[in-house]
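Notes to accompany the following structure.
There are 2 protein chains.
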Amino acid sequence: MTKEKSENTEIEILNAAKEIFQQKGMDGARMQEIADKAKINKALLHYYYRSKQLLFEAVFKNAFSLLAPQLNSVLNDDSDLFEKIRNFTNSYISFVIKHPYLPNFVIQELNKNPEFVLKLREQKNFPTIDTFKTQVNDAIKNGVIKPIEAEQLFINIISMNVFPFIGKPLLMALTNTDKKEYDRIVQKRKTEVATFIIDAIKI
Amino acid sequence: MTKEKSENTEIEILNAAKEIFQQKGMDGARMQEIADKAKINKALLHYYYRSKQLLFEAVFKNAFSLLAPQLNSVLNDDSDLFEKIRNFTNSYISFVIKHPYLPNFVIQELNKNPEFVLKLREQKNFPTIDTFKTQVNDAIKNGVIKPIEAEQLFINIISMNVFPFIGKPLLMALTNTDKKEYDRIVQKRKTEVATFIIDAIKI
DNA sequence: ATATGGTTTAACCATTCGGTTAACAAATGT
DNA sequence: ACATTTGTTAACCGAATGGTTAAACCATAT
């Protein structure tokens with residue numbers, strides 16, 4: 001069947017491209033290397049995705065579409081605030097362990113190319129902070145947590161969950177830990193980070 | 001004077017290289033672009049720094065030597081723990097505003113090339129966590145703060161201070177803020193982050 | 001003034017890289 | 001059976017890139 005075969009190669013190209021782009025970035029990636037990893041001729045890359053740029057964008061959008069639901073689980077899920085923080089830290093860390101290069105890739109390319117954000121905004125599931133903001137302000141009004149801007153709290157949550165992966169080599173060196181020990185620390189963070197945050201804001 | 005002239009160009013090359021490398025990374029940087037920015041012939045780059053790789057390493061070590069004292073101020077300064085946290089968040093954020101690309105550059109290249117850490121470790125002022133660890137454990141023993149691993153606390157401090165800069169484009173999009181508003185939020189963090197951390201750990 | 005040393009440049013080189021072409025292969029429709 | 005469309009490849013191309021060379025420049029020492 002033509003369709004199956006062509007769909008297969010198309011997906012295999014995307015998978016190969018994903019690996020290479022996420023490890024080496026747009027500039028460091030080579031079309032030949034992607035072709036090799038996908039076990040096809042280089043010209044096929046251009047047959048399916050006209051240019052390196054378009055192939056990259058396909059990978060990037062795909063990566064972000066995996067990340068978005070994770071972020072949405074903090075922003076637009078309607079569970080209790082503390083519970084939500086606990087769920088997020090736990091599930092996000094599990095997520096990144098499964099996709100180690102992904103958040104760094106997204107953030108890095110977004111830094112090199114801030115106008116990419118515009119393209120992401122168009123996507124349906126792009127997370128917005130509004131629900132979270134209301135929830136935080138309600139919790140403050142009800143005397144459940146200390147006054148804090150929702151944006152600041154959000155940044156704190158994301159920072160403590162995302163940075164340990166992005167800064168892994170640096171943090172390993174600074175804390176003087178090997179891989180095994182660092183992984184143990186990260187695993188422990190699945191619960192510790194939530195506790196830390198809740199302790200910081202609860203009255 | 002010969003020496004002055006040659007030292008001048010050598011430094012101007014380093015400055016030009018710093019800008020280009022920090023904005024575009026090792027792979028994205030072009031020797032010609034660096035030469036243009038330094039207003040010299042491309043061959044001069046090779047005259048002073050034999051190869052792109054060596055020029056890059058010079059820039060990288062230089063960048064890290066600026067960053068290290070900042071980190072040391074959390075790790076190896078002997079002021080009171082809470083005071084130290086307050087000083088660090090305040091001074092680190094000021095530092096990054098002066099060198100916006102620097103931390104991202106260091107972290108990014110370290111990710112692409114984790115064995116670079118070995119070269120950094122050799123440098124004299126490379127920060128270690130030992131003093132900080134003792135201080136945290138003492139504070140726990142004295143009932144000043146809740147039990148927490150020094151490494152976890154350290155990672156939290158660094159994360160909340162570093163990530164808002166590294167993740168800026170993403171965080172701006174997620175919190176739906178423009179440059180002006182985001183800068184205001186970051187400025188506010190100079191004091192807010194310390195308060196947040198201290199609230200999380202104090203008894 | 002002239003030789004000497006480091007400094008700077010224009011021109012050049014080999015290789016790499018993204019992309020194209022033209023021909024071939026395989027599937028599909030009639 | 002045969003024509004048409006779709007998928008795949010080897011070979012090729014031009015531009016860009018890191019690096020080299022040989023000559024010119026210029027300050028200083030003799």
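Read top to bottom, the protein sequences are chains X and F. Those letters in the first sequence? Residues 1 to 203, by UniProt numbering. Those letters in the second sequence? Residues 1 to 203, by UniProt numbering. Positions of the beta carbon are idealized from the N, C-alpha and C atoms, including for glycine. Keep in mind it's a predicted model, so treat the numbers as computed, not measured.
Closer than 8 Å between beta carbons: that is the criterion. Which residues of the segment 182-193 of chain F meet it against chain X? Hits within the stretch, in order: I185, K188, R189, E192 and V193.
Would you mind giving the Cβ-Cβ distance between X/M89 and X/V193, rounded to the nearest angstrom? I have them listed as a contact below 8 Å. The sequence as given places Thr at residue 89 of chain X; Met does not occur at that position. Yes, they are in contact, since the Cβ atoms of X/T89 and X/V193 sit about 4 Å apart, within 8 Å.
Could you have a look at F/K39 and say whether DSSP puts it in helix, strand or coil? coil
X/T191, buried or exposed, once every other Cβ within 10 Å from all chains shown has been counted against 16: exposed
For a contact defined as C-beta to C-beta under 7 Å, what are the partners of F/S159 on chain X? Ordered by position in chain X, the residues that pass the 7 Å Cβ test against F/S159 are S159, M160, F163 and P164.
Which bits of chain X does F/T177 rub up against, with CB to CB less than 8 Å? Chain X residues near F/T177: E151.
Taking the alpha helix (DSSP H) that F/P103 falls in, what are its first and last residues? L102 to K112
Nearest candidate by alpha-carbon position, reference F/N176, set X/L118, X/I97, X/K202 and X/D138: X/L118
May I ask whether a heavy atom of the ligand ATP can be found less than 7 Å away from the beta carbon of X/N62? As far as ligands go, the structure on display features none, and thus does not contain the ligand ATP.
What residues from chain F crowd round X/R121, counting only those whose CB sits closer than 9 Å? By Cβ distance, chain F contributes A173.
Around the C-beta of X/R30, are 16 or more other C-beta atoms found within 10 angstroms, so that it is buried, or is it exposed? Classification of X/R30: exposed, given that the 10 Å Cβ count is below 16.
Endpoints, the alpha helix (DSSP H) within which X/P127 is located: From DSSP, X/P127 is part of no alpha helix (DSSP H); its letter is neither H nor E.
Cβ closer than 7 Å: which chain F residues qualify as neighbours of X/N111? N104 and P169
Identified DSSP bridge partners for X/K180: None; X/K180 has no bridge partner.
Please go through the same chain and pick out, in chain order, the residues whose beta-carbon is closer than 7 Å to the beta-carbon of X/E19, but skip the five residues on each side of it. K37
Determine the closest residue to F/D130 out of F/V74, F/Q187, F/N111 and F/M26, with distance taken between C-alpha atoms. Cα-wise, what sits closest to F/D130 is F/V74.
So, are the CB atoms of X/G167 and F/I148 less than 8 Å apart? no
Let me make sure I understand the geometry here. Which of F/F60, F/I11, F/K24 and F/P164 has the alpha-carbon closest to that of F/Q123? F/F60
Buried or exposed, going by whether 16 or more other CB atoms sit within 10 Å of the CB of F/L54? exposed
Tell me, to the nearest whole angstrom, how far the beta carbon of X/L102 is from that of X/L67; I am working on the premise that it is less than 8 Å. Taking C-beta atoms under 8 Å as the contact rule, X/L102 and X/L67 qualify, at a distance of about 6 Å.
Pairwise C-alpha distance: F/G25 and X/A16: 23 Å
What are the partner residues of F/K202, as DSSP defines its beta bridges? F/I145
Please report the straight-line C-alpha distance between X/I198 and F/K141, rounded to a whole angstrom. 23 Å
Where does F/H46 sit, in a helix, a strand or coil, going by DSSP? helix
Given a limit of 8 Å on CB to CB distance, which residues of the segment 45-79 of chain X reach chain F? L71 and L75
Across the segment 38-50 of chain X and the segment 79-87 of chain X, are there enough close Cβ pairs to call them in contact, namely three or more that are closer than 8 Å? Because the criterion of three Cβ pairs below 8 Å is not met, the segment 38-50 of chain X and the segment 79-87 of chain X do not touch.
Just to make sure I have the definition right: I need the residues of chain X whose C-beta is within less than 8 Å of the C-beta of F/D36. Which are they? Residues of chain X with a Cβ closer than 8 Å to the Cβ of F/D36 do not exist, since the nearest Cβ in that chain sits about 18 Å away.
Could you name the residues of the same chain whose beta carbon sits closer than 7 Å to that of X/I93, not counting the 5 residues immediately before and after it, in chain order? N161, V186, R189 and K190
Just the chain X side, please: which residues come within less than 7 Å of F/Q108 by C-beta, in chain order? Q108
Examine chain X for any beta-carbon lying closer than 8 Å to the beta-carbon of F/T128, and answer yes or no. With 8 Å as the cut-off, F/T128 counts as an interface residue toward chain X.
Going by other Cβ atoms of all chains shown within 10 Å of its Cβ, with 16 needed for buried, is F/K3 buried or exposed? Caution is warranted here: a pLDDT of 45 is assigned to F/K3, below 50, making its placement in the model unreliable, and the coordinate value is therefore given only provisionally. So F/K3 counts as exposed.
So which residues of chain F does X/V117 contact, with C-beta pairs closer than 8 Å? P169, L170, M172 and A173
Kindly list the residues whose CB is nearer than 7 Å to the CB of X/A139, restricted to its own chain and excluding five residues on each side of it in sequence; keep chain order. L81 and I145
For chain F, is any of its Cβ atoms less than 8 Å away from the one on X/N125? no
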